[in-house]
Amino acid sequence: MPDNTVFDSVFKTMMQKTPRLIVPFINEAFGRSYALDDPILRIDNEHEGPLGKNITDSMLRLGDKIYHIECQSTPETDMVVRMVEYDFAIALEEAIRAGAPYEMNFPESCVLFLRHTSKTPDELQMKVNLPSGESFMYASRVVKAQRFSSDDIFERGLLLLLPYYLMRYEGQLSEIDGDDVRTSELVAECAELRAGLESETLAKGDSLLYEQLVELIIKVTDHLLAKHETLRRKVRRTMGGEVLELMRERAERLEREAEERGREQGVEQGREQGLEQGIDALASQLRARGIDENVIEEAMAAARKQ
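Heads up: the sequence shown at position 168 corresponds to 682 in this note's numbering, and the numbers run straight through without jumps.
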């Protein structure tokens with residue numbers, strides 16, 4: 515599977531299953547102070563307008579603002595062109611929806627660069643010149659994932675970055691895999707990441723978020739280490755891959771047991787319902803024959819005891 519497909523898939527999965535992870539990211543990127551439980555309204559990421567269809571990675575409303583976030587795995591120099599296109603389409607679609615008098619409001623936008631180089635700017639900018647001679651500067655925020663240490667990630671609640679953490683070592687993996695000391699250091703760093711994740715999730719009673727993030731971390735690291743099987747197994751085990759499998763097996767076993775209990779209860783309930791229906795039918799027949807009601811009651815009681 516190509517790099518961009520894996521990384522995009524992981525990002526979109528987080529946006530769909532764990533959207534609250536975007537809140538600390540927005541706070542970091544835009545200098546906001548939203549709470550984790552502030553309501554998030556996800557907005558359709560397909561935008562059909564006069565310029566055609568655009569599909570963004572994530573768009574949402576938080577507070578009174580619309581945020582547009584793109585996750586970019588390569589440090590493309592023309593990313594600003596795409597962002598202008600996306601944001602213009604978003605603003606135009608909103609203006610058309612609102613109707614006259616028309617007004618365009620651009621979203622708060624940001625690009626998360628999973629990889630960056632010395633040429634990757636700290637802000638995406640494009641100068642827009644109007645026929646009147648006036649001009650303005652379009653700007654989009656930039657966040658460079660590899661600039662955040664593990665301490666930064668946990669102190670600022672940026673769990674959104676965890677699945678991509680080992681990407682900072684992808685150019686060194688062959689060397690690490692052939693060096694026992696460096697392998698041990700990487701495994702120890704992974705153990706610290708896992709401990710930090712457990713502290714932020716399991717210790718707070720959120721086992722679901724723990725499972726979801728471990729699954730995504732494993733997905734990315736398996737991809738990065740596909741050519742380094744020995745190192746991959748060590749990292750996978752340390753990051754909780756085996757524990758995750760055990761948790762899933764336990765969940766599946768409990769689900770099977772619950773289904774079995776449900777079937778057994780259903781059979782027993784069916785028997786009881788059938789018995790009651792038979793007793794009621796018998797009582798109706800006896801009444802039709804003019805049998806005394808006391809006799810009928812005794813017959814029904816005797817039938818229930820059998």
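Don't be surprised by glycine CBs; every beta carbon is placed ideally from N, CA and C.
Got a sec? Which residues, its chain only, sit under 6 angstroms from residue i by beta carbon, not counting five neighbours each side?
i: ASN518; result: SER587
i: TYR652; result: VAL598, MET640 and VAL642
i: VAL701; result: LYS748 and THR752
i: ARG708; result: MET753 and GLY754
i: CYS585; result: PHE525, ASP571 and LEU626
Can you name, in chain order, every residue of its own chain whose Cβ lies under 7 angstroms from the Cβ of residue i, other than the five neighbours on each side?
i: GLU714; result: PHE668 and LEU673
i: PHE602; result: none
i: ILE690; result: TYR683, ARG696, THR697, LEU700 and LEU745
i: PHE650; result: VAL642
i: MET618; result: ALA605, LEU606 and ALA609
i: LEU675; result: ALA659, PHE662 and ILE667
i: GLU648; result: none
i: ARG575; result: LEU555 and ILE557
i: PRO615; result: none
i: GLY692; result: none
Who pairs with residue i in a beta bridge, going by DSSP?
i: GLU637; result: ARG655
i: MET573; result: HIS582
i: ARG556; result: LEU574
i: ASN643; result: SER649
i: VAL749; result: VAL749 pairs with nothing; no bridge assigned.
i: LEU626; result: CYS585 and VAL657
Among the options, which one has its Cα closest to the Cα of residue i?
i: ARG746; options: LEU723, LEU687 and GLY719; result: LEU687
i: ASP592; options: ASP578, ILE540, SER798 and GLU637; result: GLU637
i: PRO677; options: ASP693, GLU689, GLN660 and ILE690; result: GLN660
i: ASN541; options: GLY577, LYS526, ASP693 and ASP571; result: GLY577
i: LEU738; options: SER721, LEU707 and MET681; result: MET681
i: HIS630; options: PRO589, SER646, PRO645 and HIS742; result: PRO589
i: ALA543; options: GLU790, ARG670, GLU617 and GLY685; result: ARG670
i: TYR724; options: LYS733, THR735 and GLU712; result: GLU712
i: ASP720; options: ASP665, GLY685 and ARG534; result: ARG534
i: HIS742; options: PHE521, ASP794 and GLY685; result: GLY685
i: GLY754; options: CYS704, VAL595 and ASN619; result: CYS704
i: PRO635; options: GLY647, PRO645 and VAL594; result: VAL594
i: PHE539; options: SER523, GLU790, ILE610 and PHE662; result: PHE662
i: GLU706; options: TYR679, ASP694 and LEU722; result: TYR679
i: LEU628; options: ASP522, GLY613 and ALA614; result: ASP522
By Cβ distance, which residues of its chain are closer than 8 angstroms to residue i, with the 5 residues on each side in sequence left out?
i: MET573; result: ARG556, ILE557, ASP558, ASN559, ILE580, TYR581, HIS582, ILE583, ILE604 and PRO621
i: ALA549; result: VAL537
i: ASP666; result: LEU672
i: THR735; result: LEU680, ARG746, VAL749, ARG750 and MET753
i: ALA495; result: Summary: the structure shown does not reach residue 495, with the chain confined to residues 515 through 820, and so no result is reported for it.
i: GLY710; result: SER664, ILE667 and PHE668
Taking only heavy atoms of the ligand PLP into account, decide whether any of them is closer than 7 angstroms to the Cβ of residue i.
i: LEU722; result: As far as ligands go, the structure on display features none, and thus does not contain the ligand PLP.
contact_flag[the segment 656-671, the segment 621-632] where n(CB pairs < 8 angstroms) is 3 or more: With a cut-off of 8 angstroms, the segment 621-632 and the segment 656-671 count as touching, because enough Cβ pairs lie within range.
Count Cβ pairs between the segment 726-735 and the segment 526-540 that sit closer than 8 angstroms; are there 3 or more? Yes: at least three Cβ pairs fall under 8 angstroms.
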